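Read the structure below first, then the notes.
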Ligand code: GLU
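Residue numbers (my numbering): -14 to 444.
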């Protein structure tokens, strides 16, 4: 997966090297050397911090838990990115996720660099008290390298506002008298968090789909009908058609995206399938998403797994294996679970015409190429799932100003920001033969390269 991000960054740099409008003042040998420097800078993180957290457990045992903070690049501002609490997380993955944050922030004009953290645990196996200690130890071990103007962590898989509240409080105790509100984002509202932060990623994912398939297609009909671009043809196929949607993952991102789709009046969409770590639920007439969300809130986040549980909440659905969600005959597949979900061994079974990456890196390079060659539109992670970090930025700003926005203001600002990005990348995407991911990378890399050049980092 690391190589995927690196390869696309390299392809983007190769395209820029050939583009005579890009930094025309750089010519000949100096141009070549500068691009070699860019490859070196963008393909490696600035810092990898690693520690083993010594955590005494309630049963008397002491665990040494591996933990990381990777700081990829801070040319655009302080490092920024979540901390993942997951048993499968590893150093390479955190490095890749940190570089995706650099590209994501650059793409959406968020004035932050890219960072990411990881703690190798299965949070379900620890008591609340132990998790509190793990969160505090993480801050103690990395307290010198994080901070409101250095590196601002946030939630990621397995962590949420509870962990961010704990971590901010620990940061405050370690640095008495210093600004602390901006040290972590994704906090609870009462602790200085932003309204709308919890829903931001899922809402942004659905907004991206809706804006592309509804507003953009309608407004840019001319552009789309004139070109023989294969992706424009795919998009036009779905024009004015109610879309059937399946959603993989029913956590913070998937459940909110599903609810948005369910409530949306724009596209008359139907969410026909959802899944989690246990099951896929399917109903060709559409699922009752609010009832399912309500069920998960009472059941530790899990969807119903038996007919009796479905009956209890009056939801009609077929129950099948959790993987089945990926292979349904639907128009749109939203991937909001883990990375590497669609890969070379299962890609041929995927039938959706549009794939939206709510999770980070859920489609591998080989699968991406295979699907793109067939004209399937893949809306990449750095474009679709940036709602979280965008509202994190609003949270950080609100903490500085000690002025807080209403929920409506937050979503208005979020959608405006995402729309600006979409209006930049979509016309180009439908006009040239590159997949959307490559297009987004070119935008991000162009900005990063220009800034690194202007900051004198390429000599
Ligand atoms: N973990 C989220 C992401 O991958 C949000 C990061 C943040 O809010 O800083 O984009």
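For glycine and all other residues, C-beta sits at the position ideal for the given N, C-alpha and C. Since this is a predicted model, take the numbers as computed values, not measurements.
When burial is assigned at 16 or more other CB atoms within 10 Å of the CB, is residue 49 buried or exposed?
It counts as exposed.
For residue 11, does the three-state DSSP call read helix, strand or coil?
Here residue 11 sits in coil by DSSP.
Spatial neighbours of residue 443 within its chain, please: CB distance less than 7 Å, with the 5 preceding and 5 following residues excluded, ordered by chain position.
Correct list, in chain order: 19, 22, 23 and 437.
Within 10 angstroms of its Cβ, does residue 47 collect 16 or more other Cβ (buried), or is it exposed?
Classification of residue 47: exposed, given that the 10 Å Cβ count is below 16.
At what residues does the beta strand (DSSP E) containing residue 58 begin and finish?
Start and end: 47 to 58.
Taking the alpha-carbon positions, what's the residue 389 to residue 269 distance?
Taking the straight line from one Cα to the other gives about 42 Å.
With DSSP collapsed to three states, give me the class of residue 145.
Reduced to three states, the DSSP call for residue 145 is coil.
Measure how close the beta-carbons of residue 242 and residue 367 come, nearest whole angstrom, since I'm counting them as under 8 Å.
Not quite, the Cβ-Cβ distance comes to about 16 Å (not below 8 Å), so this is no contact.
DSSP state of residue 160, grouped into three classes?
Coil, per DSSP.
Using the Cβ count rule (16 or more neighbours within 10 Å means buried), how would you classify residue 433?
So residue 433 ends up on the buried side.
Quick one: what's residue 266 bridged to in DSSP?
The partner list for residue 266 (beta bridge, DSSP) reads 259 and 304.
At what residues does the beta strand (DSSP E) containing residue 233 begin and finish?
Its beta strand (DSSP E) spans residues 229 to 233.
For a test of the three-state rule: what should DSSP assign to residue 83, helix, strand or coil?
Looking at residue 83 - three-state DSSP - the assignment turns out to be helix.
Going by the DSSP bridge assignment, what does residue 37 pair with across the sheet?
According to DSSP, residue 37 bridges with 51.
Using the C-alpha atoms, what's the distance from residue 280 back to residue 298?
Going by the C-alpha atoms only, they are around 8 Å apart.
Rounded to the nearest angstrom, how far is the Cβ of residue 377 from that of residue 182, given a contact under 8 Å?
Indeed, because the Cβ distance is near 7 Å, the residues count as touching under 8 Å.
What residue range does the beta strand (DSSP E) around residue 136 cover?
Segment 136 to 140, the beta strand (DSSP E) holding residue 136.
Would you please state the rounded distance, in angstroms, between the beta carbons of residue 52 and residue 103? I believe it to be under 8 Å.
The Cβ separation is near 7 Å, so the contact holds.
Would residue 45 be called buried (16 or more neighbouring beta carbons within 10 Å of its own) or exposed?
By the 10 Å Cβ count, residue 45 comes out exposed.
Could you tell me which residues DSSP pairs with residue 348 in its beta bridges?
DSSP output for residue 348 lists 327 as bridge partner(s).
Grouping DSSP H, G and I as helix and E and B as strand, with all else coil, what is residue 178?
Three-state result, residue 178: coil.
Among all the DSSP beta bridges, which residues are the ones paired with residue 341?
DSSP, once it has assigned bridges, lists 319 and 364 as partnering residue 341.
On the DSSP letters alone, give me the boundaries of the beta strand (DSSP E) that residue 70 sits inside.
Counting along the chain, the beta strand (DSSP E) containing residue 70 begins and ends at 64 to 70.
Taking 7 Å as the cut-off, is the beta-carbon of residue 210 closer than that to any non-hydrogen atom of ligand 1?
Answer for residue 210: no, Cβ out of range of ligand 1.
My output table needs one value for residue -14: the three-state DSSP class, helix, strand or coil.
Note that residue -14 has pLDDT 47, beneath the 50 cutoff, so the model's placement of it is unreliable and the number below is only indicative. Three-state result, residue -14: coil.
In terms of alpha-carbon separation, which member of 220, 251 and 285 lies closest to residue 448?
Residue 448 lies beyond the residue range present for the chain, which begins at -14 and ends at 444; the question has no answer from this structure.
In angstroms with no decimal places, state the Cα-to-Cα distance between residue -14 and residue 325.
Because residue -14 sits at a pLDDT of 47, beneath the cut-off of 50, its placement in the model cannot be relied upon, and the following sentence gives the value as read from the coordinates. Cα-Cα distance, rounded: 8 Å.
Quick check on residue 134: buried or exposed, where buried means 16 or more other Cβ atoms within 10 Å of its Cβ?
Exposed, by the Cβ-count rule.
Using the C-alpha atoms, what's the distance from residue 92 back to residue 313?
Looking at the two C-alpha atoms, the distance is approximately 32 Å.
Let me check you understand the geometry: is the CB of residue 377 closer than 7 Å to at least one non-hydrogen atom of ligand 1?
It does: the Cβ of residue 377 is within 7 Å (strictly closer) of some heavy atom of ligand 1.
Please name the residue or residues paired with residue 32 in a DSSP beta bridge.
Answer is 56, bridged to residue 32.
Quick one: residues in its chain with C-beta nearer than 7 Å to the C-beta of residue 196, no 5 flanking neighbours on either side, listed in chain order?
Correct list, in chain order: 404 and 407.
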